[in-house]
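Engineer: Got a structure for you, written out below as structure tokens; questions coming shortly.
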Amino acid sequence: MESFPGPTSNRFVSQRLRLNYVDWGNPDAPPLILQHGGRDHCRSWDWVAQELRHDWHIIAPDLRGHGDSEWSPEGHYGMDAFVYDFAQLVHTLGYEQVTIVAHSLGGNIATRFTGLYPEKVRKLVNIEGLGPSRELQQQLEGGSTSARLRRWIDEKRAAAGRTPRRYPTLRDAYERMKTENAFLTDEQARHLTIHGATRNEDGTWSWKFDNYLNVWTAADMAFDEKAKLWSVITCPVLLLWGKNSFAASPAGDGRLDYFSNAVLKEYENAGHWLHHDQFDRFMQDITEFL
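Using full-length UniProt numbering, the first residue of the sequence shown is number 1, and each one after it goes up by one.
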């Protein structure tokens, strides 16, 4: 993939945190928000933004604790905080209505925002971002509330004592990126590594995301409450899933039934990051949908 000029970097404030977003220009065009997923960063959308920047005013934010956004001082990365941050971005930029393309954790955030403010969203593309099925969520939440809270405290303490992994060179971080997703081209892995890693004081490299992100919140919304949000979404929704992903497709577990106006497409030879793995097909599908 050829190189291209990048976007401008900006900040907005949410719950006292200074959060980063990049702006691809063309402010007179309709707004399109590209929201990345967990342990990712806003520059992972660069190839998508380059294709769409002439028709849309593209904004790509870094979630709290990710990319060039500030880390939460108390390590708070609950879904309530993420959804507030997203709502604050839309509010700060003064948009009456937005179109959204969102991946994984970002898809979960954007879909909840869309259910809370259905009039605010024109169209939504959700890439593997619904969270677990009802049955899997019940398994993950197994045990009493007190047991779940004790487990969460133990995991948070473990995260506090964990030193972020340091890579001797950027090349070593790149090799780790390639290992994480075998579908990536060399150029994709290079670009994602350059924008996803930061140099430490001793000259080594670490990923930009906060270690506390590895600990999921202890008190999230129950499945039925999430499903109620999905059911009140009025805009067209395009759901995309990779056939080789660790995330189970909603095709047969009932999650799709809660949407009144949604289409699901599944990609062969694609994992969780299908927008990287099958870029040409992805661009064709979202261009037609948008």
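Glycine included, C-beta positions come from ideal geometry on N, C-alpha and C. Only a predicted model underlies this, so the values are computations on that prediction, with no experimental measurement involved.
Thinking C-alpha only, which one of E70, C235 and L124 is nearest G16?
Structural biologist: Position 16 of the sequence shown, counting from 1, holds the residue named residue 16. The residue you asked about is not Gly; residue 16 is Arg in the sequence shown. Checked all of E70, C235 and L124; the closest Cα to R16 is E70.
Engineer: Which value, in whole angstroms, describes the spacing of the CA atoms of residue 341 and Q188?
Structural biologist: Within the shown structure, residues of the chain are numbered from 1 to 290, placing residue 341 beyond reach of any answer.
Engineer: Evaluate I194 with the Cβ neighbour count: other Cβ atoms within 10 Å of its Cβ, from every protein chain shown; 16 or more gives buried, anything less gives exposed.
Structural biologist: On the sequence shown, position 194 is the one that residue 194 refers to. By the neighbour-count rule (16 or more Cβ atoms within 10 Å), I194 is not buried but exposed.
Engineer: Below 8 Å CB to CB, which residues in the same chain sit around L274 once its five sequence neighbours on both sides are set aside?
Structural biologist: By 1-based counting over the sequence shown, the position of residue 274 is 274. The residues are I127, E128, L240, W241, G242, S245, Y267 and F282.
Engineer: With a threshold of 6 Å on Cβ separation, who are the neighbours of L238 within its own chain once the five nearest residues in sequence on each side are excluded?
Structural biologist: The sequence position of residue 238 within the sequence shown is 238, counting from 1. For L238, where only same-chain residues beyond five positions count, the Cβ hits under 6 Å are V125, V263 and F289.
Engineer: At which residues does the beta strand (DSSP E) containing Q35 begin and terminate?
Structural biologist: Working through the sequence shown from its first residue, we reach residue 35 at position 35. P31 to Q35 is the span of the beta strand (DSSP E), which, as asked, contains Q35.
Engineer: How far does the alpha helix (DSSP H) with A87 in it extend, from its first residue to its last?
Structural biologist: For this step, residue 87 is matched to residue 87 along the sequence shown. Residues M79 to L93.
Engineer: Under 8 Å, with one C-beta from each stretch per pair, do the segment 171–179 and the segment 83–102 reach the 3-pair mark?
Structural biologist: no
Engineer: Tell me the rounded alpha-carbon separation between K265 and A158.
Structural biologist: Sequence index remark: in the sequence shown, residue 265 carries index 265 (1-based). Sequence index remark: in the sequence shown, residue 158 carries index 158 (1-based). Rounded to whole angstroms, K265 to A158 spans 39 Å at the Cα level.
Engineer: Looking at C-alpha atoms only, which residue of D277, L256, C235 and P250 is the closest neighbour of L116?
Structural biologist: The residue labelled residue 116 in the question sits at position 116 within the sequence shown. Answer by Cα proximity: C235.
Engineer: Using the Cα positions of G131 and Y167, report the straight-line distance between them to the nearest angstrom.
Structural biologist: Looking up residue 131 in the sequence shown gives position 131. Looking up residue 167 in the sequence shown gives position 167. Roughly 31 Å between the two C-alpha positions.
Engineer: Work out the CA separation of K178 and T185 for me, nearest whole Å.
Structural biologist: Here residue 185 corresponds to residue number 185 of the sequence shown, with the count starting at 1. Here residue 178 corresponds to residue number 178 of the sequence shown, with the count starting at 1. CA-to-CA, the gap between T185 and K178 works out to about 8 Å.
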